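What follows is a set of notes on a single structure, which appears directly below.
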Amino acid sequence: MNNQLIAWGSTVVSLTIIGVLFWLVSLRLPKPEGKNENLRNFHCAHPPSLINKEFRFEGFYPVFSALITKPLIAYGIMVLLSVGRDHLPYQIFAGYVGGLPLLVQILFGLLVIDVSVWIRHGFVHKYFWSFHAVHHSAKELSWMTTHRLHPLDNFVMSLINFTVLYMIGFSAEGMVAAMIIKDFNNYFVHSNIVLDYPKPLKYILVSPNMHRWHHALEPEAHNKNFCVVFAFIDYVLGTYYVPDNALPKGYGSNQTELDDIERKTILSELWIPFKLKRPAMARPPVTSVTLEDSKTGIGAS
Ligand SMILES: [Zn+2]
Ligand SMILES: [Zn+2]
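All residue numbers for the sequence shown refer to our numbering, where the first residue is 1359 and numbers rise by one.
Here you go:
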């Protein structure tokens, strides 16, 4: 009971600190210049608000996740450790990786996680889209959008992240630190901040603008920018798409039956994958939406 309270308390406190921190960062950013109305409609009011229209709805996700999904993930990991230990290779390179200095383990761990994120994220866009589309249904981004995941998508993601690191043989400290940094950057790139990095940094690290393009309505940005920490993985593997001085026209899944759905409860969200008119397992081509002139020439930072 006490442990549960501590876990709940620390989750609420850390989420609040992260939200306030990103809000403060966004207050310090210069006001974006440009005539384009989209900037005001979709991107970042100035001064930016700590929460946006979707926040109240998205706030249910971490609660559901803490009550249902995370315990299931913990159970899945326990099963994996107890049953898989005898049948699966695990801690394969523990002798090499586990003994590396902590900083090297963290950097290497981040690289390994992000490569696995690229593979898993590309996979769900192609074969698991009706579930992952829930994440892409957000019409505005905020740090809370990070949690906007169908429980099954969340379950698969967490289990894969853990399994990859565990099988390779990272120490517990290296594994936890790499996961925390990855999660922190994931909050950052989803937050209500319009920020691109100068070259060559924009090809190395994932910026908030880079992830905004991952959520963009523009068809040319679909199935791009899968990573959450290292932009160079996307760049090298041919899925990098971050136009200079431009922002997307808007965000969403580009499927009207999903974007226009009236969202009332988190439970109704669970059925979305089964309610889609065309239960698309791959992100469908955009035929109904015409989005020309996507490169708006806005000063992005
Ligand atoms: Zn995605
Ligand atoms: Zn996202």
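A virtual CB, placed ideally from N, CA and C, is assigned to each residue, including glycine. The structure presented is a predicted model; accordingly, all values stated were derived computationally and were not measured.
Determine the extent of the alpha helix (DSSP H) in which residue i is found, giving its start and end residues.
i       : result
Met1502 : Where Met1502 is concerned, there is no enclosing alpha helix (DSSP H), given that its DSSP letter is neither H nor E.
Phe1520 : 1509–1526
Lys1633 : 1630–1633
Tyr1419 : 1418–1422
In the structure shown, what three-state DSSP assignment does residue i receive?
i       : result
Ile1375 : helix
Ala1574 : strand
Asn1563 : Inspection of the sequence shows that residue 1563 is occupied by Leu rather than by Asn. In the structure shown, Leu1563 sits in a strand (DSSP, three-state: E or B).
Tyr1609 : strand
Phe1588 : strand
Ala1604 : coil
Ile1431 : helix
Asp1472 : helix
Gly1532 : helix
Glu1498 : coil
Gly1456 : coil
Ile1551 : coil
Gly1596 : coil
Phe1451 : coil
Lys1393 : In this prediction, Lys1393 scores a pLDDT of 43, lower than 50, which makes its location untrustworthy; no coordinate-derived value is stated.
Arg1641 : coil
His1404 : Residue placement at His1404 is flagged as unreliable, the pLDDT there being 44, under the threshold of 50; a coordinate-derived value is accordingly withheld.
Asn1581 : coil
Lys1557 : coil
Phe1486 : coil
Does the Cβ of residue i lie closer than 7 Å to at least one heavy atom of ligand 4?
i       : result
His1548 : Ligands present in the displayed structure are limited to ligand 1 and ligand 2, and ligand 4 is not among them.
Using CA atoms only, rank isn't needed, just tell me which of the options is closest to residue i.
i       : options                            : result
Leu1563 : Glu1578, Asn1543, Glu1576, Leu1575 : Asn1543
Arg1506 : Asn1603, Val1514, Leu1605, Glu1416 : Glu1416
Gly1434 : Val1492, Tyr1419, Ile1518          : Ile1518
Ile1551 : Thr1503, Val1378, Pro1566          : Pro1566
Pro1601 : Met1568, Gly1453, Asn1512          : Met1568
Phe1489 : Leu1510, Met1533, His1479          : Leu1510
Val1534 : Phe1632, Trp1571, Gly1467, Ile1630 : Gly1467
Tyr1561 : Asp1592, Ser1549, Leu1460, Ile1477 : Asp1592
Val1475 : Glu1498, Phe1520, Gly1532, His1445 : Phe1520
Pro1606 : Glu1498, Leu1461, Leu1438          : Glu1498
Met1432 : Asn1512, Tyr1419, Gly1456, His1483 : First, the amino acid is wrong: residue 1432 is Ala here, not Met. Closest option to Ala1432, Cα to Cα, is Asn1512.
Phe1632 : Trp1487, Val1547, Val1421          : Trp1487
Arg1641 : Ser1440, Tyr1454, His1483, Met1537 : His1483
Leu1595 : Ser1626, Gly1480, Val1492, Pro1429 : Gly1480
Val1378 : Pro1429, Trp1501, Val1437          : Trp1501
Gly1610 : Met1515, Val1421, Ala1496          : Ala1496
His1548 : Thr1503, Trp1571, Leu1523          : Thr1503
Ser1423 : Val1514, Leu1439, Leu1460, Gln1449 : Val1514
Asp1541 : Arg1478, Val1441, Ser1516          : Ser1516
Gly1453 : Gln1463, Ala1604, Phe1546          : Gln1463
His1508 : Asn1612, Glu1531, Phe1418          : Phe1418
With contact counted as at least three CB pairs below 8 Å, one residue from each stretch, are the segment 1561–1578 and the segment 1518–1528 in contact? no
Hey, is the segment 1586–1600 in contact with the segment 1468–1475, meaning 3+ C-beta pairs nearer than 8 Å? yes
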